[in-house]
Amino acid sequence: MVPPGDVPVPVLLAVDGRRLGQVEQHDTLAARNSRLAPGDLLTLRVRRSEITAGGDVYQEFRVPYQKWMRVLDALNWIAENAAPDLAFRWFCGSKMCGTCAVRMNGREVLACWEAVEPNMVIEPLRNLPVVRDLVVDRTRYEEKVASLQPWIERHEPYAGFPEPLTHKQMKNASKALDCISCMCCYSACPVIGLGNLTDFAGPAPLVQLGQTALDPRSNPQKVRRSIELTGIFNCVSCYKCEEACPAHIPIVSGVIEPLKAKAAQLNPEMARHPFALRDIVARRGRVDPGELVLRVQGLRGLRNLTRLWRLFARRKIDPIKTLLGIKTSAAGAAARLLGGGAGKP
Ligand code: SF4
Ligand code: SF4
Ligand code: FES
50 MVPPGDVPVP
60 VLLAVDGRRL
70 GQVEQHDTLA
80 ARNSRLAPGD
90 LLTLRVRRSE
100 ITAGGDVYQE
110 FRVPYQKWMR
120 VLDALNWIAE
130 NAAPDLAFRW
140 FCGSKMCGTC
150 AVRMNGREVL
160 ACWEAVEPNM
170 VIEPLRNLPV
180 VRDLVVDRTR
190 YEEKVASLQP
200 WIERHEPYAG
210 FPEPLTHKQM
220 KNASKALDCI
230 SCMCCYSACP
240 VIGLGNLTDF
250 AGPAPLVQLG
260 QTALDPRSNP
270 QKVRRSIELT
280 GIFNCVSCYK
290 CEEACPAHIP
300 IVSGVIEPLK
310 AKAAQLNPEM
320 ARHPFALRDI
330 VARRGRVDPG
340 ELVLRVQGLR
350 GLRNLTRLWR
360 LFARRKIDPI
370 KTLLGIKTSA
380 AGAAARLLGG
390 GAGKP
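The opening position of the sequence shown corresponds to residue 50 in the numbering used here, with each subsequent residue numbered one higher.
As structure tokens, then:
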């Protein structure tokens, strides 16, 4: 049964800016607005800092629904009528400045663009220090972007106007230029959530870098120096960032993967892990975590004996098979598919 106002379109892939499953779950803007009538009370549980000495709490508010109400309208209603000290940021109100990003019911959204729901939990973005309530400190991101020097240094003299550039050459860089620095992707990234365990710059700084590093006019040596500061191979290609991006930038396929390819070409040592993985699979028809660790970390990989014992007990590694280089029956097909496994480093 489709609620009135919704259009039943049988899509499986995100098209026209819709998320996967949005239509099937009756979660379109029209469907959401049809669930509420003007005057209905919305329940918002907003995460607030320092209200009590006990730290963060969720404060509940009842907000009367108005037609076409956005999350930002509900927050403004609270600030005007119930909690004047509620801290949240916004500027343009029209999906352009990226300052209003929050998490609604566990999902990163732009408050100025997201339709309200009858029950909402509103929280600040993850992976950034909270200044107060819904306001996060963006210094970490801004410093990282500045350190990557995301501007073009030409390696050839200016060719004059119009420059000889094709749409194909600029395809990925121009998609990255749609970024509004909202940090939704940074909040959604599980690798950034690991904190200092990796030196990964995160999706938002990589998108900023991609705007110039994927431009063919950029000096490859400068691009190499910038990419070396990103820890880009820590990205596990989980696509969480792409799912969260309100600007619908193909962050992984259009920015991170092309940057990884550039890194592998300009500094093969950075891509030691993927090259080794590819080589092992091509030679032996399977992933051998033992050989992978040895090839990437060398003898350092043998230092943690407790971890090695655990991996052995769970049958994750098999030293005999690793030492003898035993192949599976898939080795021939894998070698054909992967071109003989010619890994570089
Ligand atoms: S694809 Fe990479 S950058 Fe994006 S969320 Fe996953 S780990 Fe983070
Ligand atoms: S890539 Fe998308 S989600 Fe990430 S900061 Fe830019 S606009 Fe926001
Ligand atoms: S207020 Fe500018 S993007 Fe939401």
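The beta-carbon is built from N, C-alpha and C at its ideal position, and this holds for glycine as well. Since this is a predicted model, take the numbers as computed values, not measurements.
- Taking the Cβ atom as the reference point for each residue, do G374 and R335 lie within a distance shorter than 8 angstroms? Position 325 of the sequence shown, counted from the start, is the residue given in the question as residue 374. Position 286 of the sequence shown, counted from the start, is the residue given in the question as residue 335. No; because the gap between Cβ atoms is not below 8 angstroms, this pair is not in contact.
- Item | DSSP three-state assignment for A296, whether helix, strand or coil | To locate residue 296, count along the sequence shown from 1; it is residue 247. A296 falls in the coil class under three-state DSSP.
- Query: Sorted by chain position, which residues of the same chain lie with C-beta nearer than 6 angstroms to F137's C-beta, five sequence neighbours on each side aside?
  - Reply: Along the sequence shown, read from residue 1 onward, the residue named residue 137 stands at position 88. Taken in chain order, the residues that qualify are L124, L183.
- For the alpha helix (DSSP H) that D182 lies in, which residues bound it at each end? Position 133 of the sequence shown, counting from 1, holds the residue named residue 182. Element bounds for D182: n/a, residue is neither H nor E.
- Message: Restricting to Cα atoms, I'd like to know which of W117, P113, T148 is closest to N130.
- Response: Walking along the sequence shown from the start, residue 130 turns up at place 81. In terms of CA proximity to N130, P113 leads the group W117, P113, T148.
- Query: Could you give the C-beta distance for C141 and L121, rounded to a whole number, given that I count them as a contact under 8 angstroms?
  - Reply: Position 92 of the sequence shown holds residue 141. Position 72 of the sequence shown holds residue 121. Not quite, the Cβ-Cβ distance comes to about 11 angstroms (not below 8 angstroms), so this is no contact.
- Alpha carbon to alpha carbon, what distance is there between G209 and A250? Here residue 250 is taken as the residue at index 201 of the sequence shown, counted from 1. Here residue 209 is taken as the residue at index 160 of the sequence shown, counted from 1. One C-alpha to the other measures close to 35 angstroms.
- Message: Let me check one thing: in DSSP terms, what residues is S267 bridge-paired to?
- Response: As a position in the sequence shown, residue 267 is number 218, starting the count at 1. In the DSSP output, where bridge partners are listed per residue, S267 has R203.
- Check whether the Cβ of V256 lies closer than 7 angstroms to any heavy atom of ligand 2, and answer yes or no. Counted from its first residue, the sequence shown places residue 256 at position 207. Closer than 7 angstroms to some heavy atom of ligand 2: that describes the Cβ of V256.
- Task: State the CB to CB distance for the pair V304 and A225, rounded to an integer number of angstroms; the pair is presumed to be in contact (CB under 8 angstroms).
- Result: Here residue 304 is taken as the residue at index 255 of the sequence shown, counted from 1. Here residue 225 is taken as the residue at index 176 of the sequence shown, counted from 1. Contact flag correct, Cβ pair sits at about 5 angstroms.
- Message: So within the region 309-359, which uninterrupted alpha helix (DSSP H) runs reach at least 4 residues, ignoring any that extend past its ends?
- Response: 321-333, 338-346
- Within 7 angstroms: the Cβ of I229 and any heavy atom of ligand 3? Taking the first residue of the sequence shown as position 1, residue 229 is located at position 180. Yes, the Cβ of I229 comes within 7 angstroms of a heavy atom of ligand 3.
- Message: I want to check one thing, is the minimum distance from the CB of G303 to the heavy atoms of ligand 2 below 7 angstroms?
- Response: For the purposes of this step, residue 303 is taken as the residue at position 254 of the sequence shown. No - ligand 2 has no heavy atom lying nearer than 7 angstroms to the Cβ of G303.
- Have a look at K365, C161, D248 and flag the residue whose alpha-carbon is nearest the alpha-carbon of M319. Mapped onto the sequence shown, residue 319 falls at position 270. Cα-wise, what sits closest to M319 is D248.
- Message: Taking DSSP's pairing of strands, which residues face R187 in a bridge?
- Response: Along the sequence shown, one-based indexing puts residue 187 at 138. None; R187 has no bridge partner.
- Query: Hey, would you say the C-beta of A382 is under 7 angstroms away from at least one heavy atom of ligand 2?
  - Reply: Start at 1 with the first residue of the sequence shown, and residue 382 comes out as number 333. For ligand 2, not one heavy atom lies less than 7 angstroms from the Cβ of A382.
- Message: Considering only their Cβ atoms, is the gap separating N268 from H204 smaller than 8 angstroms?
- Response: The sequence position of residue 204 within the sequence shown is 155, counting from 1. The sequence position of residue 268 within the sequence shown is 219, counting from 1. Contact flag set, yes.
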